[in-house]
Amino acid sequence: PRSMSDYFRNRIDEQRELLAKVASDDRFLDVLQELADKVVETYQGGGKLLLCGNGGSAADAQHIAAELVARFYKERAALDAEALGINGSTLTAGGNDYDFTQIFAREIEAKGKGGDLLIGISTSGNSANVVAAVEQAKRQKMTTVVLTGGNKESQLSKIADIVVAVPSTVTPRIQETHIL
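In this text, residue positions in the sequence shown follow my numbering: the first is 684, and each later residue adds one.
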């Protein structure tokens, strides 16, 4: 029916408009360049990339890690990247023994070191376990990056070293832009 075609067209138009907005925003593009430079610097310095998020953002963390370990665009050496929260036993033990807000922080304590890079993904910018992860990573002298939405007052926007803030409050559009 026509209404479903309109629905899909409207979602596509929303994403097209958001992408046009970020593509014409020099500050947003500068932050992307800063992130790219930091990733390269991390790998050149022998560091690794850790990623975390909840729900769809956890899936995005896994996707990004997989592209770095496997192949993305061209043949190259595997890059050390890991999505946190993937081991079900570690996840449930941490949630049970401590608190769900500490699940990523505990993994960072075990796996992170100075010179590594954490990318925390939270569309709201206020996910308590991602906030705790960024705080733990900072204690361990890691560089912290967040992929978030347009809430400039979010907790993560205030504490991360690099903030990629998609200028939207619509979760699916934010997530689509994060994965881009």
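Note that CB positions come from ideal geometry on N, CA and C, so glycine has one too. Just so it is clear, the structure is predicted and the values come from calculations on it, not from any experiment.
When you compare the CB of Asn-834 with every CB in chain B, is at least one pair closer than 9 angstroms?
The structure shown contains no chain B; it is built from a single protein chain.
With 16 other CB atoms within 10 Å as the buried threshold, where does Glu-758 fall?
Locating residue 758 in the sequence shown gives position 75, where the first residue counts as 1. Counting Cβ neighbours within 10 Å, Glu-758 comes out exposed, since fewer than 16 surround it.
Residues bridged to Gly-736 (per DSSP):
In the sequence shown, counting from the first residue as 1, residue 736 sits at position 53. Ile-804.
Ile-858 burial status per 10 Å Cβ neighbour count (16 or more: buried)
Here residue 858 is taken as the residue at index 175 of the sequence shown, counted from 1. Looking at the sequence itself, residue 858 is Gln, so the reference to Ile does not match. Flag for Gln-858 reads buried.
Can you tell me where the beta strand (DSSP E) holding Ala-753 begins and where it ends?
Walking along the sequence shown from the start, residue 753 turns up at place 70. Element bounds for Ala-753: n/a, residue is neither H nor E.
Could you have a look at Val-705 and say whether DSSP puts it in helix, strand or coil?
Taking the sequence shown and counting its residues from 1, one reaches residue 705 at position 22. If DSSP states are grouped into helix, strand and coil, Val-705 belongs with the helices.
Does the ligand GDP have even one heavy atom less than 8 angstroms from the beta-carbon of Val-813?
As for the ligand GDP, it is missing from this structure, which has no ligand bound.
Residues near Phe-711 in its chain [Cβ-Cβ closer than 6 angstroms; skip 5 each side]
Residue mapping note: residue 711 aligns to position 28 of the sequence shown, counting from 1. So the list reads Val-705, once near-sequence residues are dropped.
Quick one, which of Lys-796, Ala-703, Thr-852 and Tyr-781 has its alpha-carbon nearest Gly-729's?
The residue you call residue 729 lines up with position 46 of the sequence shown. Among Lys-796, Ala-703, Thr-852 and Tyr-781, the Cα nearest to that of Gly-729 is on Lys-796.
Taking DSSP as the reference, what is the three-state secondary structure of Leu-830?
Here the question's residue 830 lines up with position 147 in the sequence shown. Three-state DSSP puts Leu-830 in a strand.
With C-beta atoms as the reference, is Leu-800 less than 9 angstroms away from Val-817?
What you label residue 800 is simply residue 117 of the sequence shown in a count that begins at 1. What you label residue 817 is simply residue 134 of the sequence shown in a count that begins at 1. Not closer than 9 angstroms, so no.
Coil, strand or helix - Val-849 by DSSP:
Here residue 849 refers to the residue found at position 166 when the sequence shown is read from its first residue. Here Val-849 sits in coil by DSSP.
Hey, quick one: how far does the alpha helix (DSSP H) through Glu-765 stretch, first residue to last?
Position 82 of the sequence shown holds residue 765. Careful: Glu-765 lies outside any alpha helix (DSSP H), inside the beta strand (DSSP E) at 764 to 766.
contact_flag[the region 759 to 766, the region 828 to 835] where n(CB pairs < 8 angstroms) is 3 or more:
no
Can the beta-carbon of Leu-701 be found less than 9 angstroms from the beta-carbon of Ser-851?
For this step, residue 701 is matched to residue 18 along the sequence shown. For this step, residue 851 is matched to residue 168 along the sequence shown. Closer than 9 angstroms, so yes.
So Ile-682 and Ser-740 are in contact, right, with Cβ under 8 angstroms, and what is the actual spacing, rounded?
Residue 682 is absent from the model: the chain starts at 684 and stops at 863.
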